[in-house]
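Each residue of the sequence shown is one higher than the one before, starting from 282 at the first, in this note's numbering. For reference, the structure discussed in these notes is given below.
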Amino acid sequence: MSVPIRVRHPKGVSTLQVDLNSDSATVLTLQQSIHELSGLLPSQQELKSGYPPRALTLIPELPLSSLGLQRGEQITVTAKPGSVSTTSGPGPTAAPLSVPRPVTSAPAPRASTGDANDGFVETDTGTLVHRVVPDDNSCLFSSIGIVFGQGMTAARQMRSIVVDAIKKDPETYSDAVLGQSRESYMAAISKDSTWGGAIELSVFSDYFRTEIDSYDVETGRCDKFGEGKYDNKCILMYSGIHYDAVSLAPIRDAPPDFHTTVFPKDGSDSISQAASKLASQLRASRKFTNTSTFDLKCEICGQGLKGEKEARAHATQTGHTSFGEY
Numbered sequence: 282m283s284v285p286i287r288v289r290h291p292k293g294v295s296t297l298q299v300d301l302n303s304d305s306a307t308v309l310t311l312q313q314s315i316h317e318l319s320g321l322l323p324s325q326q327e328l329k330s331g332y333p334p335r336a337l338t339l340i341p342e343l344p345l346s347s348l349g350l351q352r353g354e355q356i357t358v359t360a361k362p363g364s365v366s367t368t369s370g371p372g373p374t375a376a377p378l379s380v381p382r383p384v385t386s387a388p389a390p391r392a393s394t395g396d397a398n399d400g401f402v403e404t405d406t407g408t409l410v411h412r413v414v415p416d417d418n419s420c421l422f423s424s425i426g427i428v429f430g431q432g433m434t435a436a437r438q439m440r441s442i443v444v445d446a447i448k449k450d451p452e453t454y455s456d457a458v459l460g461q462s463r464e465s466y467m468a469a470i471s472k473d474s475t476w477g478g479a480i481e482l483s484v485f486s487d488y489f490r491t492e493i494d495s496y497d498v499e500t501g502r503c504d505k506f507g508e509g510k511y512d513n514k515c516i517l518m519y520s521g522i523h524y525d526a527v528s529l530a531p532i533r534d535a536p537p538d539f540h541t542t543v544f545p546k547d548g549s550d551s552i553s554q555a556a557s558k559l560a561s562q563l564r565a566s567r568k569f570t571n572t573s574t575f576d577l578k579c580e581i582c583g584q585g586l587k588g589e590k591e592a593r594a595h596a597t598q599t600g601h602t603s604f605g606e607y
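Rendered as structure tokens:
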């Protein structure tokens with residue numbers, strides 16, 4: 282049965298009739314109705330309800346009932362600061378290391394060079410798309426922003442989530458686990474120049490209550506963060522030095538706002554198979570970097586280093602965190 286929901290948005294105040302218990306009504310259904318009222322795309326919307334107002338977690342694929350709305354509730358709609366017309370997209374493979382990865386200027390892999398089909402895998406429910414994010418040392422955080430509907434510009438917000446999680450849980454995120462003092466780790470991960478890895482993916486999995494499946498392009502291995510803990514999952518691609526998001530488009534050319542980035546784990550084998558195929562496709566196109574053998578130079582002292590292992594050791598010993606690839 283439909284109930285009235287009052288919506289206060291930039292163009293005025295409106296009332297929507299929504300069925301809060303319908304199996305077919307999703308968060309995206311509500312967001313599309315709000316789009317018609319306000320002109321704000323789903324990826325640009327920030328919704329709050331209750332008193333004091335609380336921000337609603339908007340995962341488009343979840344049922345509308347997940348928002349906990351009640352009859353007669355008022356929703357306040359605002360545009361996200363610096364919002365852009367992009368949303369959703371699953372992502373990459375995690376670096377199997379627990380300290381912030383040193384910065385490198387190595388180029389990001391591109392999704393659509395060469396074969397026109399590179400970066401796309403057809404499935405029975407749509408097209409899985411390789412969503413390339415900028416190679417700016419925040420690729421993991423940008424990819425997570427895409428996946429969970431915050432947009433590519435939310436990297437700093439994602440970094441803050443990590444810092445807060447570490448600050449609140451000294452037992453899980455101890456000096457020993459982080460490989461350095463908690464204070465220095467939090468200071469480093471707050472900087473735009475510090476890469477994210479396994480620690481950050483674990484934090485995001487728990488924060489968004491979603492398993493994160495990270496596919497290593499070079500090996501095809503899938504690292505699962507939050508495995509067995511949550512009902513939904515998302516996907517990332519990892520090239521060895523760069524993370525990208527992945528999303529499912531209803532048709533290949535569909536705008537990003539209509540992509541799906543979080544998938545129910547039940548019956549989602551076709552998505553996992555498509556993700557493996559996408560990783561294989563990128564591997565065949567040599568869109569990965571072997572981090573154990575690539576040559577790096579410390580941009581601070583000029584020392585030459587072989588691979589990520591030496592770079593991390595150098596960063597730990599000297600505090601230098603800016604590296605370039607020869």
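For glycine and all other residues, C-beta sits at the position ideal for the given N, C-alpha and C.
Q) Beta-carbon separation of Leu350 and Gly430 under 8 Å? A) With respect to the 8 Å criterion, Leu350 and Gly430 are not classified as neighbours on the basis of their beta carbons.
Q: State buried or exposed for Pro418, treating a residue as buried only when at least 16 other CB atoms are found within 10 Å of its CB.
A: The identity of residue 418 in the sequence shown is Asn, whereas the question assumes Pro. Taking all protein chains in view, the Cβ of Asn418 is crowded by 16 or more other Cβ atoms within 10 Å, so the residue is classified as buried.
Q: Could you tell me the distance, in whole angstroms, from the CA atom of Ser303 to the CA atom of Ser347?
A: Taken atom to atom, the span from the alpha-carbon of Ser303 to that of Ser347 is near 11 Å.
**Q.** Among Asp445, Gly426, Arg287 and Gly432, nearest to Val358 - alpha-carbon criterion
**A.** When only C-alpha atoms are compared, the closest one is Arg287.
Q. So, is Ser528 buried or exposed, given that buried needs 16 or more other C-beta atoms within 10 angstroms?
A. Counting Cβ neighbours within 10 Å, Ser528 comes out buried, since at least 16 surround it.
Q. In whole angstroms, what separates the C-alpha of Ile425 from that of Thr434?
A. So the alpha carbons of these two residues sit roughly 10 Å apart.
Q: Excluding the 5 residues preceding and the 5 following Phe489 in the sequence, name in chain order all residues of the same chain whose CB lies nearer than 6 Å to its CB.
A: The answer, listed in chain order, is Phe429.
Q: Give me the Cβ distance between Lys546 and Lys578, rounded to the nearest whole Å; I'm assuming they're in contact under 8 Å.
A: Lys578 and Lys546 do not touch by the CB rule: their CB atoms are close to 43 Å apart, not below 8 Å.
Q | For Tyr511, three-class secondary structure by DSSP | A | Of the three classes helix, strand and coil, the one that applies to Tyr511 here is coil, per DSSP.
Q: Kindly identify the DSSP beta-bridge partner or partners of Leu297.
A: Ile286.
Q. In three-state terms, what does DSSP make of Leu577?
A. Strand.
Q: Go to Glu492, then tell me how far its beta strand (DSSP E) extends in each direction, as first and last residue.
A: Secondary structure note for Glu492: its beta strand (DSSP E) is the uninterrupted segment Glu492 to Asp497.
Q) So Cys420 is in the beta strand (DSSP E); what residue range does that whole segment cover? A) Following the DSSP letters along the chain, one finds Cys420 in no beta strand (DSSP E) but inside the alpha helix (DSSP H) bounded by residues Cys420 to Val428.
Q: Please name the residue, chosen from Gly585, Thr296, Ala556 and Tyr524, that lies closest to Asp416 on a Cα-to-Cα basis.
A: With respect to the C-alpha of Asp416, the residue from Gly585, Thr296, Ala556 and Tyr524 having the closest C-alpha is Tyr524.
**Q.** Short Cβ contact (8 Å threshold) for Ile470 with Arg437
**A.** Not a contact, by the Cβ cut-off of 8 Å.
(Q) Could you tell me the alpha carbon to alpha carbon distance between Ala360 and Ala594, rounded to whole angstroms? (A) C-alpha separation (whole angstroms): 43 Å.
**Q.** N- and C-terminal bounds of the alpha helix (DSSP H) containing Asp487
**A.** Residues Ala479 to Phe489.
Q. What are the start and end residues of the beta strand (DSSP E) that includes Tyr454?
A. Per DSSP, Tyr454 lies in no beta strand (DSSP E) segment and is marked neither H nor E.
Q.
In the DSSP output, what is Phe401 paired with across the bridge?
A. Bridge partners of Phe401: Val410.
Q) Going by Cα to Cα distance, which pick from Pro451, Val498 and Tyr519 is closest to Trp476? A) Taking only the C-alpha atoms, the option nearest Trp476 is Tyr519.
(Q) Going by DSSP, what residue range makes up the alpha helix (DSSP H) through Glu464? (A) For Glu464, the enclosing alpha helix (DSSP H) starts and ends at Arg463 to Ile470.
Q.
Between Gly501 and Ala560, how many whole angstroms is the CB-CB distance? I'm expecting something under 8 Å.
A. About 5 Å separates the beta carbons of Gly501 and Ala560, which is inside the 8 Å limit, making them a contact pair.
Q: Let me know the secondary structure DSSP gives Leu559 once reduced to three states.
A: Leu559: helix per DSSP, three-state reduction.
Q. In or out: Cys582 buried (at least 16 other Cβ within 10 Å) or exposed?
A. Result: exposed.
Q: Can you give me the Cβ contacts of Lys558 inside the same chain, cut-off strictly under 7 Å, excluding the 5 residues immediately before and after it?
A: For Lys558, same chain residues with a beta-carbon under 7 Å away, outside a window of 5 residues either side, are Val402 in chain order.
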